[in-house]
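>
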Amino acid sequence: MIDNRSMIRTFLSRYIRNFDLKDDTDIFGGGLVNSLFAMQLIAFLEKEFSITIENTDLKLNNFRSVNAMASFIDTKA
Amino acid sequence: MQLSEKQKKDRLSFREFVDNEIIPNAGTYDREERLAGELIAKLAAQGYNGAVLPEKYDGRAMDFITYGLLNEELGRGCASVRGLVMMQNMVALTILKWGTEEQKERWLKRIASGETVAAFALTEPDFGSDAMHIETSITDEGDSAFIINGHKKWITLGQTADLFLVFGKRRGKLTAVLVEKDSPGFHRTAMGGLLGVRASMLAELHFDNCIVPQENVVGRPGFGFVPVGITALNLGRYSIAWGCVGIGQACLEACLDHTSKRKQFGDYLKNHQLIQEMIADMTVSLKAGRLLCYQAGHLHEEGDQNAIMEIMVAKYFTSKMAFSIANNAVQIHGAAGCGSDSPVQRHLRDAKIMEIIEGTSQIHQIKIADYAYKEQAD
Chain A
22 MIDNRSMIRT
32 FLSRYIRNFD
42 LKDDTDIFGG
52 GLVNSLFAMQ
62 LIAFLEKEFS
72 ITIENTDLKL
82 NNFRSVNAMA
92 SFIDTKA
Chain B
8 MQLSEKQKKD
18 RLSFREFVDN
28 EIIPNAGTYD
38 REERLAGELI
48 AKLAAQGYNG
58 AVLPEKYDGR
68 AMDFITYGLL
78 NEELGRGCAS
88 VRGLVMMQNM
98 VALTILKWGT
108 EEQKERWLKR
118 IASGETVAAF
128 ALTEPDFGSD
138 AMHIETSITD
148 EGDSAFIING
158 HKKWITLGQT
168 ADLFLVFGKR
178 RGKLTAVLVE
188 KDSPGFHRTA
198 MGGLLGVRAS
208 MLAELHFDNC
218 IVPQENVVGR
228 PGFGFVPVGI
238 TALNLGRYSI
248 AWGCVGIGQA
258 CLEACLDHTS
268 KRKQFGDYLK
278 NHQLIQEMIA
288 DMTVSLKAGR
298 LLCYQAGHLH
308 EEGDQNAIME
318 IMVAKYFTSK
328 MAFSIANNAV
338 QIHGAAGCGS
348 DSPVQRHLRD
358 AKIMEIIEGT
368 SQIHQIKIAD
378 YAYKEQAD
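Right, dumping it as structure tokens:
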């Protein structure tokens with residue numbers, strides 16, 4: 022069974038290439054992605070993990086890294 | 008693309024409304040550069056202003072394909088009317104997705120009913136495509152209020168809107184705030200004489216120490232701004248893409264009718280092969296554009312993350328397509344297509360605007376090229 026982190030890594034690898042992405046890499050702080058990506062990330066997380074991301078969830082710390090997203094998904098489950 | 012029976016029925020209903028209520032008046036709206044006041048009430052009564060809202064907020068709860076069909080029909084009639092409906096749904100959807108419960112309760116039913124006319128205020132005199140560098144400032148006034156200073160320009164419905172979703176910077180971070188028309192320090196000046204979408208009632212908005220409650224913030228500053236802005240723009244681009252299909256359809260229908268009635272050199276225009284070439288190109292590009300819209304709408308319904316880019320692909324293609332079709336439509340109509348009472352010249356002017364708003368074609372090309380490289384690598 023594919024775990025959440027693997028699914029997130031696979032998604033991110035489509036947008037972040039030629040970079041050794043670690044689970045704790047700050048993808049936003051490192052300038053690795055653009056603004057459209059943020060919306061695509063939200064669509065991905067909502068669909069793949071059957072969660073609804075709301076106003077109060079819009080904190081960078083929830084989406085900063087693979088680890089942050091995995092923890093965030095756990096809190097929404 | 009197979010439509011459901013309900014979608015077919017809705018499309019027919021949209022078409023009838025546009026034929027009866029919009030097309031007879033579209034030329035007047037264009038010449039007078041304003042939409043009739045009662046039109047907003049009629050659109051709201053049809054449920055169009057809250058098309059994407061759930062029934063809980065008195066919306067029509069349209070699926071994305073049905074919303075697209077609505078925008079095609081409205082676009083076929085009048086791009087300014089479509090823009091009005093687009094604007095209501097852009098702001099309503101943004102509040103629905105990212106607003107507080109208090110904001111939803113206060114505004115959504117009002118927008119759906121037409122009691123409140125909403126507008127989206129991002130563009131500034133010096134910043135359009137470069138939206139991340141807008142200069143409107145939002146500063147804290149104690150713990151409960153914001154003070155807004157800045158200048159917005161080219162704001163659709165700016166002359167008449169009651170509520171604005173205004174984008175600015177707070178502590179250097181992009182932030183979205185709802186501003187009511189009677190907020191202290193807010194005033195507006197009408198803009199006229201535009202090339203196209205002349206009935207959109209554009210205005211410049213001025214915020215001179217404009218005071219609004221901090222509870223009016225939508226989403227969150229910084230990272231939280233991005234989904235707010237893109238949720239609105241994404242729906243706007245989708246509406247424009249379908250609206251361009253409507254412009255193309257209107258021009259094609261006008262050309263089929265005109266070339267079947269007018270004779271030159273002893274034969275109907277439709278029997279001249281150079282006319283047939285233009286009709287064929289119109290038909291094919293229109294079908295291709297409509298299919299791109301269907302695909303984008305379907306992906307959005309599926310929650311696919313590629314929907315955002317597919318909407319950009321559709322908007323880019325259909326806006327170019329609409330301008331090309333309208334250009335050929337004026338050519339086919341000749342002098343008859345150049346008069347102020349000719350719908351095709353209005354469609355040509357409106358189509359040009361579609362290549363600029365909600366992201367220019369050039370911004371779309373940059374994003375689409377990047378998307379192509381990502382797709383190739385998959």
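Line order of the protein sequences matches chains A and B.
The first sequence begins at 22 in the working numbering and counts up by one.
The second sequence begins at 8 in the working numbering and counts up by one.
The beta-carbon is built from N, C-alpha and C at its ideal position, and this holds for glycine as well.
No experiment lies behind these values; they were computed from the predicted model shown.
To the nearest angstrom, how far is the alpha carbon of B:Glu109 from that of B:Phe330?
Taking the straight line joining both Cα atoms gives about 42 Å.
> Let me see if you follow: with CB-CB separation under 8 Å, is B:Lys180 close to chain A or not?
No - not a single Cβ of chain A is within 8 Å of the one on B:Lys180.
> Should B:Ile145 and B:Gly84 be called a contact, given that it needs their Cβ atoms to be closer than 8 Å?
No, these two residues do not count as a Cβ contact at 8 Å.
> Taking 6 Å as the limit between beta carbons, can you name the residues of its chain near B:Ser326, skipping five residues before and five after?
Here the set comprises Cys251, Met361 and Glu362.
> How should A:Thr96 be labelled, buried or exposed, when 16 other C-beta atoms within 10 angstroms of its C-beta is the threshold for buried?
Counting Cβ neighbours within 10 Å, A:Thr96 comes out exposed, since fewer than 16 surround it.
> Mind checking B:Leu202: buried by the 16 CB within 10 Å criterion, or exposed?
Answer is exposed; the Cβ neighbour count stays below 16.
> Which residues in chain B have a C-beta closer than 9 Å to the C-beta of A:Ala59? List them in chain order.
Within 9 Å Cβ-Cβ: Phe230, Val233, Pro234 and Ile237.
> Less than 8 Å between CB atoms is the rule here; does A:Ala89 satisfy it with respect to chain B?
False, the Cβ-Cβ gap to chain B never drops below 8 Å.
> Measuring only between beta-carbons, confirm whether B:Gly106 sits less than 8 Å from chain A.
Taking Cβ atoms only, chain A reaches closer than 8 Å to B:Gly106, which makes this a yes.
> Which same chain residues end up closer than 8 Å to B:Asp17 when comparing Cβ atoms and leaving out the 5 residues on each side of it in sequence?
Cβ within range, chain order: Met69, Thr73, Leu76 and Leu77.
> Which residue or residues does DSSP assign as beta-bridge partners of B:Thr182?
Answer by DSSP bridge pairing, in chain order: B:Gly175.
> Give the straight-line distance between the Cα atoms of B:Val92 and A:Asp24, rounded to the nearest whole angstrom.
Approximately 43 Å between the Cα atoms of the pair.
> Considering only the alpha carbon of each residue, which of A:Arg35, A:Gly51, A:Asn88 and A:Glu67 lies closest to B:Tyr380?
Out of A:Arg35, A:Gly51, A:Asn88 and A:Glu67, A:Arg35 has the C-alpha closest to the C-alpha of B:Tyr380.
> Using the rule of at least 16 other Cβ atoms within 10 Å of the residue's Cβ for burial, across every protein chain shown, is B:Asn313 buried or exposed?
Classification of B:Asn313: buried, given that the 10 Å Cβ count is 16 or more.
> Would you call the CB atoms of B:Ile318 and B:Tyr378 closer than 8 Å?
No, the Cβ-Cβ distance between B:Ile318 and B:Tyr378 is not below 8 Å.
> Within the same chain, show all residues whose beta-carbon is closer than 6 Å to that of B:Gln166, passing over the 5 residues directly before and after it, in chain order.
Excluding residues within five positions, the ones whose Cβ falls inside 6 Å are Ala197, Met208 and Ala210.
> Check this for me: beta carbons of B:Ser87 and B:Tyr55, under 8 Å apart or not?
In this structure, B:Tyr55 does not lie closer than 8 Å to B:Ser87 by Cβ.
> Which residue's Cα is closest to the Cα of B:Thr123: B:Asp189, B:Trp114 and B:Val186?
Looking at the Cα atoms, B:Trp114 is the closest of the given residues.
> Using a threshold of 8 Å, state whether the C-beta atoms of B:Asn216 and B:Ile154 are closer than that.
Yes. Within cutoff.
> Starting from B:Pro220, follow its DSSP beta bridges and name the residues at the other end.
B:Ala152.
> Skipping 5 residues on each side, what residues in its chain have a beta carbon closer than 6 Å to that of B:Gly66?
Only Gly57, Leu60 and Ala119 meet the Cβ criterion.
> Quick one: give me the first and last residue of the beta strand (DSSP E) that B:Arg195 is part of.
Run containing B:Arg195: Phe193 to Ala197, per the beta strand (DSSP E) assignment.
> Should the stretch 65 to 79 of chain A be regarded as contacting the stretch 37 to 54 of chain B, the criterion being three or more beta carbon pairs within less than 8 Å?
No, they do not touch.
> Could you tell me the alpha carbon to alpha carbon distance between B:Gln383 and B:Glu23, rounded to whole angstroms?
Cα-Cα distance, rounded: 44 Å.
> Which residues of chain A have a Cβ atom closer than 8 Å to the Cβ of B:Lys381, listed in chain order?
Per Cβ cutoff of 8 Å: Arg35 and Tyr36.
> If we define contact as Cβ-Cβ less than 8 Å, is A:Ser56 a contact residue for chain B?
At least one chain B Cβ lies under 8 Å of A:Ser56.
> For B:Val337, which residues in the same chain have their Cβ closer than 7 Å to its Cβ, ignoring the five residues on either side in sequence?
So the qualifying residues of the chain are Gly344, Cys345, Val351, Gln352 and Leu355.
> Hey, could you find the ends of the alpha helix (DSSP H) B:Ala128 is sitting in?
Segment Ala125 to Ala128 is the beta strand (DSSP E) holding B:Ala128; no alpha helix (DSSP H) there.
> Could you pull out every residue in the same chain whose Cβ sits closer than 7 Å to the Cβ of B:Ser349, ignoring the five residues on either side in sequence?
Answer for B:Ser349: His340 and Ala343, listed in chain order.
> Using C-beta distances below 8 Å, list every residue in its chain close to B:Thr290, excluding the 5 sequence neighbours before and after it, in chain order.
Counting only Cβ-Cβ distances below 8 Å, and skipping sequence neighbours, we find Leu259.
> Between the Cα of B:Gln9 and the Cα atoms of B:His194, B:Gln302, B:Gly192 and B:Met97, which residue gives the shortest distance?
That would be B:Gln302, whose Cα lies nearest to the Cα of B:Gln9.
> What number of angstroms, rounded off, separates the C-alpha of B:Lys13 from the C-alpha of B:Gln221?
B:Lys13 and B:Gln221: Cα-Cα distance of roughly 42 Å.
> Taking the alpha-carbon of A:Arg30 as reference, which of A:Leu62, A:Lys80 and A:Leu57 has the nearest alpha-carbon?
When only C-alpha atoms are compared, the closest one is A:Leu62.
> Measuring straight from C-alpha to C-alpha, what distance separates B:Ala321 and B:Asp189?
The alpha-carbon atoms of B:Ala321 and B:Asp189 are separated by roughly 38 Å.
> Taking the alpha carbon of B:Glu187 as the point to measure from, which residue in B:Ser292, B:Lys277 and B:Ile218 has its own alpha carbon closest?
Checking every option, the nearest Cα to that of B:Glu187 belongs to B:Ile218.
> Using a Cβ distance threshold of 8 Å, determine whether the stretch 77 to 86 of chain A contacts the stretch 46 to 61 of chain A, with at least three qualifying pairs required.
Yes, the stretch 77 to 86 of chain A touches the stretch 46 to 61 of chain A.
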